[in-house]
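Before any comments, here is the structure.
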């Protein structure tokens, strides 16, 4: 682990300010499991950024979810009042300025509707992507809510019976 040097990670660092430190790993942190293994935390402590695209207004919706949760698109649609679908790589890049696997919860190219997975609030420390598929930063639940201004919601898909 070393301080961030990649341009996208430095962009996130600039948005976050000196209170946070974006760090880079030699290994990929693209998936929640990869990130947890590199950091040495649980997968549930990874605050993954998932981008959806609204069906009618073509807006970006950022869902910051616990790494162990799958996001329920029907719940998201109910909360925002519009159907959503998974965003493709081109839409994610255009809406956020970042590539899939490195999308942070802050510093996006355009403002997005933001929902925060209520399950993340149980952890003292969480980790979010820092702008590249091998950069992350540490924060708390309170930090996440303040930095994003997101709406806290139940966005997790119920486990299969």
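Numbering (this note's numbering), first residue to last: 15 to 175. The beta carbon of each residue, even a glycine, is placed where N, CA and C say it ideally should be.
Problem - Status (buried if at least 16 other CB within 10 Å, exposed otherwise) for residue 27 - result: buried
Handout entry: Continuous alpha helix (DSSP H) stretch holding residue 94: start and end
Key = 87-94
Problem - Same chain, Cβ closer than 6 Å to residue 115, neighbours up to 5 away in sequence not counted - result: 44 and 147
Handout entry: Extent of the continuous beta strand (DSSP E) run through residue 129
Key = 127-131
Exercise for the section: Go ahead and label residue 59 buried or exposed: buried means 16 or more other beta carbons lie within 10 angstroms of its beta carbon, across all protein chains shown. Expected result: buried
Practice task
Flag residue 129 as yes when its Cβ comes closer than 7 Å to any non-hydrogen atom of the ligand COA, and as no otherwise.
Solution key: In the structure shown, the ligand COA is absent, as is every other ligand, since no ligand is present at all.
Practice task
Could you spell out where the beta strand (DSSP E) holding residue 66 opens and where it closes?
Solution key: 60-68
Exercise for the section: Return helix, strand or coil for residue 152, following the three-state DSSP convention. Expected result: strand
Exercise for the section: Determine the extent of the beta strand (DSSP E) in which residue 165 is found, giving its start and end residues. Expected result: 165-167
Exercise for the section: Report yes if the CB atom of residue 129 is closer than 8 Å to the CB atom of residue 158, and no otherwise. Expected result: no
Exercise for the section: Confirm, please, whether the CB-CB distance from residue 89 to residue 169 is below 8 Å. Expected result: yes
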